[in-house]
Ligand SMILES: C[S@@+](CC[C@H](N)C(=O)[O-])C[C@H]1O[C@@H](n2cnc3c(N)ncnc32)[C@H](O)[C@@H]1O
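Numbering (the working numbering), first residue to last: 19 to 281.
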């Protein structure tokens, strides 16, 4: 395990159970693939084609059953445990343990890039976009989804805090438009539903976000600012029930989808 990096540690711990809580990831993956697999891209032989870099691959994505015509997949992740899962599920993929901001990959070697729900964890976003630009061939396209500002509003209603996310404008500001053409950029709200509060909170862990503090003082021990135990947990579950919809307990994410072309 990469013990120097808290993000790698967090995702390595989640690797074994990740697929049980990846509802959001599957929704955003299918949107990204749809964005790439257009008739226009097929005619131009662009989109998710040739040698693909899957940046922040997690346990890996089945591109073949999603009708992507790829010749090779290089799957990159910070977490060695995630890459172990990739090797089990997709032995044909080439795996690389690396940070998005510093890729041990030859310049101009990738035909396309896919990155689903990863860049929200990258502090040096400009460097990451520059690095992606370095490794992709001219005219190659990158398809990227990022968790953005305004996500997880239900947690605030429950009095729970969480880490913050960038606004789409800040993500765009990190892109060097002399290197990249922004072909599309938009934020969509994706809502997912869960049977109960426990499943909802587990799913957040899978995305890598953290529910880091309890802001509702009536539910907390003033000294630790944490839930005191069963009584607080039951009160929180009650509160969550007031949010319930026909499909279950809702959780919304604002997801920014980007399609970039190397100039
Ligand atoms: C929410 S998961 C998404 C995984 C996968 N893309 C999917 O669609 O299920 C985020 C992944 O990004 C990886 N990651 C986070 N920061 C990274 C970085 N700076 N460089 C490479 N991978 C990173 C994590 O280890 C984790 O596997």
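Quick reminder that beta carbons are idealized off the backbone N, C-alpha and C, glycines included.
Cβ pair residue i, residue j closer than 9 Å
i: residue 74; j: residue 90; result: no
i: residue 94; j: residue 118; result: yes
i: residue 164; j: residue 42; result: no
i: residue 66; j: residue 130; result: yes
i: residue 77; j: residue 107; result: yes
i: residue 137; j: residue 167; result: no
Residues near residue i in its chain [Cβ-Cβ closer than 6 Å; skip 5 each side]
i: residue 97; result: 26, 29 and 30
i: residue 88; result: 70 and 81
Own chain, CB closer than 7 Å to residue i, minus 5 neighbours either side, in chain order
i: residue 145; result: 119
i: residue 32; result: 223 and 224
Residues near residue i by beta carbon distance below 8 Å, same chain, minus five either side
i: residue 53; result: 161, 202, 275 and 277
i: residue 37; result: 77
i: residue 151; result: 194, 197, 198 and 280
Residue i CB to nearest heavy atom of ligand 1 below 8 Å
i: residue 80; result: no
i: residue 35; result: no
i: residue 106; result: no
Alpha carbon of residue i to alpha carbon of residue j, nearest angstrom
i: residue 63; j: residue 171; result: 40 Å
i: residue 173; j: residue 79; result: 29 Å
i: residue 178; j: residue 258; result: 11 Å
i: residue 143; j: residue 247; result: 39 Å
i: residue 123; j: residue 147; result: 14 Å
i: residue 205; j: residue 134; result: 14 Å
i: residue 210; j: residue 253; result: 23 Å
i: residue 217; j: residue 23; result: 26 Å
The beta strand (DSSP E) enclosing residue i, as first and last residue numbers
i: residue 90; result: 88 to 95
i: residue 271; result: 267 to 280
i: residue 34; result: From DSSP, residue 34 is part of no beta strand (DSSP E); its letter is neither H nor E.
i: residue 156; result: 154 to 166
Boundaries of the alpha helix (DSSP H) in which residue i is found, first to last residue
i: residue 125; result: Careful: residue 125 lies outside any alpha helix (DSSP H) and carries neither H nor E.
i: residue 57; result: 57 to 62
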